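Take a look at the structure set out below.
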Amino acid sequence: MTVLTLGVHIVDVLARPVESIPAGQDTHLVEQVRITAAGAAAGTAVDLARLGVPVASAGAVGDDELGDFLLMIMARHGVDVAGVARKSGEQTAASILPIRPDGGRPSFHVPGANLGFALADLDPARVLGAKLVHLGGMDASWGLHDPAFFALLDEARAGGTIITMDLLSNMPDLMPAAKVFLPHLDYFLPNEEQALMITGAATVEEAATALLAEGLTAALITLGAHGSLVATAEGTTHIPALDIEVVDTTGCGDAYCAGFIAALTNGRSVIAAAELGTTVAARVAGGLGSDAGLKDARNLLSDAGGPGLDAGPDKALKALSDAGGSGLDAGPDKALKALSEAGGSGLGAGPDDALNALSDAGASGLDAGPDKALKAQSDAGGSGLDAGPDDAPNTLSD
Numbered sequence: 001m002t003v004l005t006l007g008v009h010i011v012d013v014l015a016r017p018v019e020s021i022p023a024g025q026d027t028h029l030v031e032q033v034r035i036t037a038a039g040a041a042a043g044t045a046v047d048l049a050r051l052g053v054p055v056a057s058a059g060a061v062g063d064d065e066l067g068d069f070l071l072m073i074m075a076r077h078g079v080d081v082a083g084v085a086r087k088s089g090e091q092t093a094a095s096i097l098p099i100r101p102d103g104g105r106p107s108f109h110v111p112g113a114n115l116g117f118a119l120a121d122l123d124p125a126r127v128l129g130a131k132l133v134h135l136g137g138m139d140a141s142w143g144l145h146d147p148a149f150f151a152l153l154d155e156a157r158a159g160g161t162i163i164t165m166d167l168l169s170n171m172p173d174l175m176p177a178a179k180v181f182l183p184h185l186d187y188f189l190p191n192e193e194q195a196l197m198i199t200g201a202a203t204v205e206e207a208a209t210a211l212l213a214e215g216l217t218a219a220l221i222t223l224g225a226h227g228s229l230v231a232t233a234e235g236t237t238h239i240p241a242l243d244i245e246v247v248d249t250t251g252c253g254d255a256y257c258a259g260f261i262a263a264l265t266n267g268r269s270v271i272a273a274a275e276l277g278t279t280v281a282a283r284v285a286g287g288l289g290s291d292a293g294l295k296d297a298r299n300l301l302s303d304a305g306g307p308g309l310d311a312g313p314d315k316a317l318k319a320l321s322d323a324g325g326s327g328l329d330a331g332p333d334k335a336l337k338a339l340s341e342a343g344g345s346g347l348g349a350g351p352d353d354a355l356n357a358l359s360d361a362g363a364s365g366l367d368a369g370p371d372k373a374l375k376a377q378s379d380a381g382g383s384g385l386d387a388g389p390d391d392a393p394n395t396l397s398d
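Shown next as structure tokens:
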């Protein structure tokens, strides 16, 4: 096991697009309905598994049909769910999300068994044996607000385990309790509203400074359509969001965490890890549900640092980001230039050699030489992306 996600487990039922709730007994037809594993622990675990990271999850679900489904779908994706406790007589946490046409996601939520998850439900060996432990939704996991749990986290850190944390809600009343976890973390990944509330700061930059003062290695504050702000002792870096058509923002924060964790546990820098988090979040935003667009996500981690991009993960991820955003709008020349600028053996001599490197890679549509490679690149930047955001990332990764 590389990663243990620990905390909130939720079943999401989503429908889109929903412009209003039907009056009386009326029925509105929608385009899509999905049911997914979600929550700051379960959703992040599924995304990590889809990225190819060995992951286990710990938390609590009810002894009910929703709990059966949640564990089944997580296990199907490759998550070790042996550490998820079943709470007799309690309901599994669930949300109903009518997704608006603009991707907004109002919700109807029951917290269920998450509120009863406590240290007694957790095997300490799972925490101590993980390379990284991700705390997902400690603001809603009240049973873990326990000095003995903090001591367990500190013991794990002393043994080399990395501790990260994300929050579930934007409820001001829950922020003071969540703040007590900060001295026991290495990385904290709140959204903008959470960061401002937990610090009392007036700006995101001030919030980042205040969070670092708690002893963090880095604070990564997600800013929605404006990307994210990464703050370390060396300074702050703004990571822009990718230019995509947003379908549903459910689970984007969990996806960002999963991408960040996947890259970090594979030896990438904090900035490179944040860039991969941005890429994974963009894929999820392009479809319905917390794991949308991640069918072929294993490519993301390997492609970002694979052959031909050995100048470093920062430039490799930048090339991928440039190729997947507005950089393709100008046609294949700009896309090839972005790949060429990434540097490394096989790409350092400019677009001609870049084409040869792509051709040699043997990818579908590229194996007949540079002419077809150019055509494939051109297709990726033209009407081939019009089929929708789910197809667009697959085109690029392919």
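With the working numbering, letter number 342 in the sequence shown gets 342, and the count goes up by one each step, no holes.
All C-beta atoms, glycine included, are put in the ideal place defined by N, C-alpha and C.
Predicted, not measured: the structure shown is a model, and the values here were computed from it.
Three-state secondary structure (DSSP) of residue i
{"i": "Phe188", "result": "strand"}
{"i": "Lys179", "result": "helix"}
{"i": "Ser228", "result": "strand"}
{"i": "Asp47", "result": "helix"}
{"i": "Gln194", "result": "helix"}
{"i": "Gly235", "result": "strand"}
{"i": "Gly67", "result": "helix"}
{"i": "Ile10", "result": "strand"}
{"i": "Phe260", "result": "helix"}
{"i": "Asp254", "result": "helix"}
{"i": "Val133", "result": "strand"}
{"i": "Ile271", "result": "helix"}
{"i": "Gly112", "result": "helix"}
{"i": "Gly89", "result": "coil"}
{"i": "Val204", "result": "helix"}
{"i": "Arg34", "result": "strand"}
{"i": "Pro124", "result": "helix"}
{"i": "Gly312", "result": "Residue confidence for Gly312 is low, a pLDDT of 38 falling below 50, so the modelled location carries little weight; the figure read from the coordinates is stated next. Of the three classes helix, strand and coil, the one that applies to Gly312 here is coil, per DSSP."}
{"i": "Ala95", "result": "The question names Ala, but residue 95 in the sequence shown is Ser. Note: Ser95 maps to strand in three-state DSSP."}
{"i": "Lys375", "result": "Residue placement at Lys375 is flagged as unreliable, the pLDDT there being 40, under the threshold of 50; a coordinate-derived value is accordingly withheld."}
{"i": "Thr222", "result": "strand"}
{"i": "Arg16", "result": "strand"}
{"i": "Gly277", "result": "helix"}
{"i": "Thr199", "result": "helix"}
{"i": "Thr55", "result": "The sequence as given places Val at residue 55; Thr does not occur at that position. Looking at Val55 - three-state DSSP - the assignment turns out to be strand."}
{"i": "Val79", "result": "coil"}
{"i": "Leu119", "result": "helix"}
{"i": "Leu288", "result": "coil"}
{"i": "Leu211", "result": "helix"}
{"i": "Ala60", "result": "strand"}
{"i": "Leu4", "result": "strand"}
Buried or exposed by the 16-neighbour rule on C-beta atoms within 10 Å, applied to residue i
{"i": "Val180", "result": "exposed"}
{"i": "Pro101", "result": "exposed"}
{"i": "Ala323", "result": "The predicted position of Ala323 is uncertain, since its pLDDT is 37 and thus under 50; a value taken from the coordinates is nonetheless stated next. Per the 10 Å Cβ criterion, buried."}
{"i": "Pro190", "result": "buried"}
{"i": "Ala156", "result": "buried"}
{"i": "Met175", "result": "buried"}
{"i": "His238", "result": "exposed"}
{"i": "Asp166", "result": "buried"}
{"i": "His226", "result": "exposed"}
{"i": "Met171", "result": "exposed"}
{"i": "Thr265", "result": "buried"}
{"i": "Gln194", "result": "buried"}
{"i": "Ala233", "result": "exposed"}
{"i": "Gly103", "result": "buried"}
{"i": "Ser20", "result": "exposed"}
{"i": "Lys315", "result": "Any answer about Lys315 is weak, because its pLDDT of 41 lies below 50 and its placement is not dependable; what the coordinates show is given next. Buried, because 16 or more other Cβ atoms sit within 10 Å of the Cβ of Lys315."}
{"i": "Ser88", "result": "exposed"}
{"i": "Ala387", "result": "In this prediction, Ala387 scores a pLDDT of 40, lower than 50, which makes its location untrustworthy; the coordinate-derived value is nonetheless stated afterwards. Burial call: exposed."}
{"i": "Thr27", "result": "exposed"}
{"i": "Gly24", "result": "exposed"}
{"i": "Ser326", "result": "Confidence at Ser326 is low in this model, with a pLDDT of 33, below 50, so the placement of that residue should be treated as unreliable; the coordinate-derived value is given next. Exposed, since its Cβ has fewer than 16 Cβ neighbours within 10 Å."}
{"i": "Ala263", "result": "buried"}
Under 7 Å between C-beta atoms of residue i and residue j
{"i": "Leu42", "j": "Val55", "result": "The amino acid at residue 42 is misidentified as Leu; the sequence shows Ala. No. Outside cutoff."}
{"i": "Val133", "j": "Ile163", "result": "yes"}
{"i": "Leu66", "j": "Ala94", "result": "yes"}
{"i": "Leu6", "j": "Leu153", "result": "no"}
{"i": "Leu51", "j": "Leu301", "result": "yes"}
{"i": "Gly289", "j": "Arg126", "result": "no"}
{"i": "Ala202", "j": "Ala231", "result": "no"}
{"i": "Leu97", "j": "Thr250", "result": "yes"}
{"i": "Leu168", "j": "Ala140", "result": "yes"}
{"i": "His9", "j": "Gly83", "result": "no"}
Does the contact criterion of 3 or more C-beta pairs under 8 Å hold for the segment 145 to 153 versus the segment 16 to 24? no
Touch test, the segment 257 to 269 against the segment 279 to 294, Cβ-Cβ under 8 Å, three pairs minimum: yes
When the Cβ atoms of the segment 26 to 38 are set against those of the segment 232 to 246, are three or more pairs found closer than 8 Å? no
If contact is defined by three or more beta carbon pairs under 8 Å, each pair taking one atom from either stretch, is the segment 95 to 109 in contact with the segment 119 to 138? no
Where in the segment 134 to 177 do unbroken runs of the beta strand (DSSP E), each at least 3 residues long, occur, reported from the N-terminal end onward? 162 to 166
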